[in-house]
Amino acid sequence: NGCLEENTTWDLVEDLEKLRKHLNIDKWVLFGGSWGSALALAYAETYSDYVKALILRGIYCCRRKELLWSYHEGASMIFPDTWEKFLEPIPKCEQGDLMSAYHRRLTNNDEKDILKFAIAWRLWESSISNLYVDPSSLANVADDAKSIITVSKIEAHYFVHGAFMNEDDQLLKNADKIKDIPGIIVQGRYDMVCPARSAWDLHKVWPKSELHWVDDAGHSSKQIGIIHELINATDKFRDL
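Quick note: the sequence shown uses UniProt numbering, first residue 1, plus one each step.
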């Protein structure tokens, strides 16, 4: 329902650990894409003894420059027309910090007002998630209002708080904690949500990682090349 209480990266890490214990799993393979890649890394760096391997897609390392790419200057240079639509609901005096501006509006008490901003937030993200976006696929974005509000509110909550990291490069600086864990990174070359640089930076500090570029893909996990690489990755680690 979009509750933001006790909802931080580290609360989720502890939830995962409680789930592992509850299910009596000795060690597991973590699979995560986009924000899920960051959460998987945060868990693995905290509880490395319980991780067999990592399969990560569309890498997000929770760095300020990654957020600025998506919500300030970066993707906006590639999608100027879509970016203007994302700017429209926000007064010009607040457009210098869109994450905070949207966060304030997505966490107010007027549900009708929230929906308007949640739709704008979701349309921007959806518009930059694929190498090719079929305009008709965006027409139904607002059909599930509750889901749109929930996802947008939680994303803004995390982004405006820097994903609750203690320092900007925390996930990369702590990569030595997963140095003995094998992993596969699947990254769309033209990912406009989580730029390829983050996958490259992670690969360089993680000795046992394999980086698989998908040259004809963007961010979405539903693209054929991404699906192919993820299936190969799960096959590789199936018998660990």
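Quick reminder that beta carbons are idealized off the backbone N, C-alpha and C, glycines included. Fair warning: this is a prediction, and the values are worked out from it, not measured in the lab.
N-terminal and C-terminal residue of the beta strand (DSSP E) that residue i is part of
i: Leu87; result: Taken as a continuous stretch (DSSP letters only), Leu87 belongs to no beta strand (DSSP E), being part of the alpha helix (DSSP H) at 80-87.
i: Gly188; result: 183-188
i: Gly58; result: 51-59
Reduced DSSP category for residue i - H, G, I as helix; E, B as strand; rest coil
i: Glu5; result: coil
i: Glu155; result: helix
i: Ser137; result: helix
i: Val160; result: helix
i: Tyr132; result: coil
i: His219; result: coil
i: Ala75; result: helix
i: Asp143; result: coil
i: Glu167; result: coil
i: Leu16; result: helix
i: Leu23; result: coil
i: Leu41; result: helix
Range covered by the alpha helix (DSSP H) that runs through residue i
i: His203; result: 196-205
i: Tyr102; result: 98-106
i: Gln95; result: That residue, Gln95, is in no alpha helix (DSSP H); it is neither H nor E in DSSP.
i: Gly225; result: 224-237
i: Leu115; result: 111-127
i: residue 242; result: Residue 242 falls outside the range modelled here, since the chain spans only 1 to 240, and no answer is possible.
i: Lys173; result: 170-173
Strand pairing of residue i, partner residues [DSSP]
i: Val214; result: Gly188
i: Gly33; result: Arg57
i: Trp10; result: BP columns for Trp10 are empty, so no partner.
i: Ser209; result: Gly183
i: Trp28; result: Val51
Rounded Cβ spacing between residue i and residue j (contact assumed at less than 8 Å)
i: Ile178; j: Trp200; result: The Cβ separation is near 17 Å, so there is no contact.
i: Ser37; j: Gly58; result: 6 Å
i: His103; j: Ala156; result: 4 Å
i: Ser34; j: Ile181; result: At roughly 20 Å, the Cβ-Cβ gap does not stay under 8 Å, so Ser34 and Ile181 are not in contact.
Distance cut-off 7 Å: residue i Cβ against heavy atoms of the ligand HEM
i: Glu17; result: As far as ligands go, the structure on display features none, and thus does not contain the ligand HEM.
Own chain residues within Cβ distance below 8 Å of residue i, not counting five before or after
i: Leu131; result: Gly188, Tyr190, Asp216, Ala217, Gly218, Gln223
i: Gln95; result: Leu87, Ala101
i: Ile154; result: Gly2, Leu4, Asn7
Sequence-distant residues of the same chain with beta carbon closer than 7 Å to residue i, five excluded per side
i: Ser70; result: Val193
i: Ser152; result: Leu106, Ala118, Trp121, Arg122
Contact set for residue i: own chain, Cβ-Cβ below 6 Å, skip 5 residues either direction
i: His212; result: Val186, Glu229
i: Met165; result: Cys62
i: Ala175; result: Val205, Trp206
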